[in-house]
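This report refers to the structure that appears directly beneath it.
There are 2 protein chains.
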Amino acid sequence: MARIVQKFGGTSVADITRIKSVARRVKREVDAGNQVAVVVSAMSGVTNQLVAWTNDLAEIPDAREYDVVVASGEQVTAGLTALALQEIGVPARSFLGWQVPIETDGSHGKARIGGIPTESLRGCMDAGVVAVVAGFQGVGPGDRVTTLGRGGSDTSAVALAAALQAERCDIFTDVDGVYTTDPRIVAKARKLDKITYEEMLEMASLGAKVLQTRSVELAMNHRVRVQVLSSFTDAPGTLVVDEDEIVEQQVVSGIAYSRDEAKVTLVKVADRPGVAAAIFGPLSAGAINVDMIVQNISEDGTTDLTFTVAKADLARTVKVLEEQRGTLVYQALKPDSNVVKISVIGVGMRSHTGVAQLMFKTLADKGINIQVISTSEIKVSVLIAEEYTELALRALHTAYGLDV
Amino acid sequence: MARIVQKFGGTSVADITRIKSVARRVKREVDAGNQVAVVVSAMSGVTNQLVAWTNDLAEIPDAREYDVVVASGEQVTAGLTALALQEIGVPARSFLGWQVPIETDGSHGKARIGGIPTESLRGCMDAGVVAVVAGFQGVGPGDRVTTLGRGGSDTSAVALAAALQAERCDIFTDVDGVYTTDPRIVAKARKLDKITYEEMLEMASLGAKVLQTRSVELAMNHRVRVQVLSSFTDAPGTLVVDEDEIVEQQVVSGIAYSRDEAKVTLVKVADRPGVAAAIFGPLSAGAINVDMIVQNISEDGTTDLTFTVAKADLARTVKVLEEQRGTLVYQALKPDSNVVKISVIGVGMRSHTGVAQLMFKTLADKGINIQVISTSEIKVSVLIAEEYTELALRALHTAYGLDV
C-alpha cells in the first residue's frame, strides 16, 4: 500500500459536476489499494471574487483579514469534495489548514510552511479515510489563518507529500503535462515523460506556468516525486524527478519564454567605481527585482548599461532612476517593454559544450538580434524583440532536436 | 466604559456598501467610549448557495462536512467587516468560531454552545480592538467545525454577551423592533419599547420571526439585555428585559400568529386506556412534534381527537397514523392545513382575569369559529380557519387596546 497525494486546481473543481469527477478519480486510487490525501484549490473564480471584495473595502487590505476572507474558498471545496467522496462510498473528511495543522510563519498573504505534524492525517488515512485538505492555507502564530500566496495549493500538496513521505504527488491541472515548449505556439512541441527538478525549476521561473516555483523547490529539497497531469483526460502526465532517474538525458529538455520582462538602457553612464551600486541600490530599496544585467566596454569614461525588470515594475523603475539623476550621470534613459526572454534549459548542458553557440547561430540565421544574454549551469537565456517570439521558439525547437 | 455586543444579520451585511454602513454604526458605539464585540451573519443569499451545493452532492449531506461548507459564509463576512472597520480608523480583528473558541457539543448542523472562554476576546477588546466574531459557528469535539442551525447568529450574539457580561446585546435586523402584532397585516400595530423575556419567548415560538427562540431562552437564563433594532434606520428598537424593568405593564403585550400549523382529527377513536399513547407514541418516535391537543367527551365508547403538528410534518403524520391502523381503531382521519394559530401574549395575564374570555367573545362577535384552544400562564392560543387570520388579528388588536 502506497501513500499518494493528489492535488486538484481551481478549474478541476470549478463546479459540482467537476467535483464529482474529481471524487471518481480519487476513488480509483483508493480502489487500487492506496492511502490518499487530496489537496484542493478554491472553485475557479471564487478567489477572484473574494479578493475583489477585500479590494472594494481597502486599497491595501490588512493581510491578516485578507487571509481570513480568501481562505474560505478552499474551505468550501474541501467540504464539498469530502461530501462527493462519501456519496460514492469512499470514506472521507475535510481538514482545514488549522486542523491539520499546516504550520506557517506570520507572513500573511505569502506565508511559508514551517512544519506539518502528520498525526491527525495519518490517523485518518490509516483508518481508511481519505483526507481532503484545503490547499493554499495554513495557521500562523497566534492561531491566525494564513495563506501561501497565489498558486499556493501546489506548495501545500508538495509539502504534505513530503511530510507524509508519500510515494507520489499528483498535480492535476488543465494541461496534461510539461511540454518541451508552449504547444500553443510550437505545434511540434512534445510532452515530456520526465523532467528533472532543476529543469522544472528553471521552466517554472522562466515562464512555464504549469507549477509554482516554490512548490518545485520544495519537491527538489525533499525529493518528492511530482507528477503533472490533466484532470480532464486519462493520459499519463510528466514526472518531475531526480536526475539519476532519467536514463537517456537530452542535452536540452525544453525551451521557455517570458513576456513579463522589460528592458532599461542607461546610455553613456559615467563609468566610475560605485556606479552599479548607485543604480541598483535604489531599485533594490524600492523592492524592484533586477534580472539580467549587461554592461558594455567603457569608452571615453562612459558606458551603456542595460538590465531587465518585471514589466509591471517598469514605470516605477524609470521613476526611481530619474529621482537619482542628481547623483547618477547619464545621457539618456531608454525603457523598452517590447522584449521577450527566451531560455533553453537542460541539465545535459553541464556535460555538453556548444549549447549556447547553437542558440546564437540559430537566432542569427533567422536575422534575430540578441540584446542581452545570461547563462547559468543548466540554461541559456537571451532577450530579443518580442515580435520574434514565435519564430525564435520554432527555430530553436527544431535546432535542438525537440520536434516530434 | 461599557461592553456591548452588536449583531448584524444577513440583510445588514448583504453587500460591501452595507458592510461599510455596519462599520460606521459600530464606530459610533466605539466613539461613545464602549468596548464592542460584533457578531455577523453570512451575506444574504450566500448560505443558501452553499447549502444548495451540498444538496447537489448528497440528499442528506454528512453534517460535519455540511458545517465546514456553510460556516465559510460567516468567515467571509467577519474578515470583510474587520477590514471595513480598519478602513475608517477603528482597530478590529476577526475571530472564527474555533479562534474564540465558541465551544459546542458535536450535534453538527444544530450544535449547542457549551462554553465560551473569553480570554482572547477580552484581551482584544481591552487593547481597544473591536472583536468581529463569525456568528452561527463554533468548534466541537475533535476540533471539528460546527454550526448552530438557522438563525444561530442570534444565539452566538446572546451567548457572547452573556460570557462577556455585556451591558447590552443589540440585534440589528431588517425590522425596527418587536411589534404588538405583524404591522404588514395590522396597520395600527405599535412598536413596543420594552417586552419581557417570557413574552418575547412566546412571541418567537408562536410565529414572530424577529428573534430565534433559542437566543431568547439564553438571554432569559443569563439575564442578557437584548435590543432588537433596524440596521437601516436610527430609530430606537425594542428592549427585551426582565419583568421588573417594565413599570406599566399592559395585560396583553402582543398578538402572534403562525400559519405553520396543521390540524389532524381522528374521528370516533375507540376511547380506551392507552389510546393517546397509541397515537402519540409513534409520532414521537418519528420525531414529529405535536403542539395543541384536544379530546372531546366520550360518547358510545368513542371520541374525536384533534391535534396540531407543523405543516411540514402533516404528510408524514398521516402516513404514520395510517400505518397504525391495525392497533388504532378509528372511523376517519381528517388532515387540515388551512388553519392558523392566533395567540395573545402578556405577563399581565398572571394577575388579570378575563383575558381568554375577551378573546373568545371578540372572535365570536366576528363569527369566527374556534377549533382548538390551548393556554399557558402568559398566553392564550386558538386555532381558527386560515381565511380569518387578518380579521381576527385586527379585531383582537383593537379589543386588547393595542391600537395606536
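The listed protein sequences derive, respectively, from chains H and D.
Here the first sequence is numbered in numbering that gives the first Met the number 0, starting from 0 and rising by one per residue.
Here the second sequence is numbered in numbering that gives the first Met the number 0, starting from 0 and rising by one per residue.
Glycine included, every Cβ here is placed at the ideal spot set by N, Cα and C.
The structure displayed is predicted, hence computed values, not measured ones.
Please name the residue in T326(H), Q211(H) and R111(H) whose C-alpha comes closest to that of V404(H).
There is no way to answer for residue 404(H), as the model of chain H reaches only from 0 to 403.
When we look at the beta-carbon of A447(H) and count the other beta-carbons within 10 Å, is it buried (16 or more) or exposed?
-> Only positions 0 to 403 of chain H appear in this structure, which leaves residue 447(H) out of reach.
Measuring only the C-alpha atoms, how far is D421(D) from K193(D)? Absent from the structure is residue 421(D), since the part of chain D shown begins at 0 and ends at 403.
At what residues does the alpha helix (DSSP H) containing S155(H) begin and finish?
G151 to A162
- prompt: For L82(D) and chain H, any beta-carbon pair shorter than 8 Å?
  reply: yes
_I'd like to know if P60(D) contacts chain H, where contact means its C-beta is closer than 8 Å to some C-beta of that chain._
yes
Compute the distance between the beta-carbons of V4(D) and V29(D), then report whether it is under 8 Å. no
- Measuring CA to CA, which of A314(D), V319(D) and P272(D) is closest to G300(D)? P272(D)
| task | Given a cut-off of 8 Å, decide if L265(D) and L313(D) are closer than it, judged by their beta-carbon atoms. | result | no
Which residues, taken in chain order from the segment 81-100 of chain D, show a beta carbon closer than 9 Å to some beta carbon of chain H?
-> A81, L82, A83, Q85, E86, A91, R92, S93, L95, W97 and Q98
Neighbouring residues, chain D, relative to T53(H) (Cβ below 8 Å):
G78, L79 and L82
Proximity test, Cβ basis, 8 Å: V67(H) and chain D: yes
Starting from F171(D), trace the alpha helix (DSSP H) both ways and give me its first and last residue.
Where F171(D) is concerned, there is no enclosing alpha helix (DSSP H), although the beta strand (DSSP E) it sits in stretches over R167 to T172.
Residue-level contact to chain H via CB, V75(D), 8 Å cutoff: yes
Quiz item: What did DSSP end up calling K193(H) once you bin it into helix, strand or coil?
Solution: strand
| DSSP beta-bridge partners for Q248(D)? | Per DSSP, none; premise fails for Q248(D).
Which residues in chain D have a C-beta closer than 8 Å to the C-beta of I15(H)? List them in chain order.
W52, D55 and L56
Interface residues of chain D facing D142(H) [CB-CB closer than 9 Å]: W97, Q98 and S119
Margin query: Check whether chain H comes within 8 Å of E102(D), counting only Cβ atoms and requiring the distance to be less than that.
Written below: no
Could you tell me which chain D residues have their CB closer than 9 Å to the CB of R63(H), listed as they occur along the chain? G78, A81, R92 and S93
- Counting Cβ pairs, one atom from each stretch, are 3 or more of them under 8 Å apart for the segment 98-118 of chain D and the segment 128-147 of chain D? yes
**Study point:** Secondary structure of L327(D), DSSP reduced to three states
**Key:** coil
query: If you pair each beta-carbon of the segment 0-17 of chain D with each one of the segment 285-299 of chain H, do three or more pairs fall below 8 Å?
result: no
Under the three-state reduction of DSSP, which class applies to L205(D): helix, strand or coil? coil
(Q) What does the alpha-carbon distance come out to for the pair V274(D) and Q330(D)? (A) 14 Å
Quiz item: Where does G300(H) fall in DSSP's three states?
Solution: coil
| query | Comparing the C-beta of L49(D) with each C-beta of chain H, is any distance below 8 Å? | reply | yes
Original post:
List, in order along the chain, the chain H residues whose C-beta lies closer than 7 Å to that of S71(D)?
Top reply: S71, Q74 and V75
- Message: Less than 8 Å between the beta carbons of L82(H) and A269(D), yes or no?
- Response: no
Does the distance from the C-beta atom of V68(H) to that of V223(D) stay below 8 Å?
no
When you compare the CB positions of L163(H) and A133(H), do they come within less than 8 Å of one another, or not?
no
### Query
Hey, is the segment 340-351 of chain H in contact with the segment 250-258 of chain H, meaning 3+ C-beta pairs nearer than 8 Å?
yes
Quick one, which of K378(H), A165(H), G236(H) and R258(H) has its alpha-carbon nearest M124(H)'s?
A165(H)
- Query: Y399(H) by DSSP, collapsed to three states: which one?
  - Reply: coil
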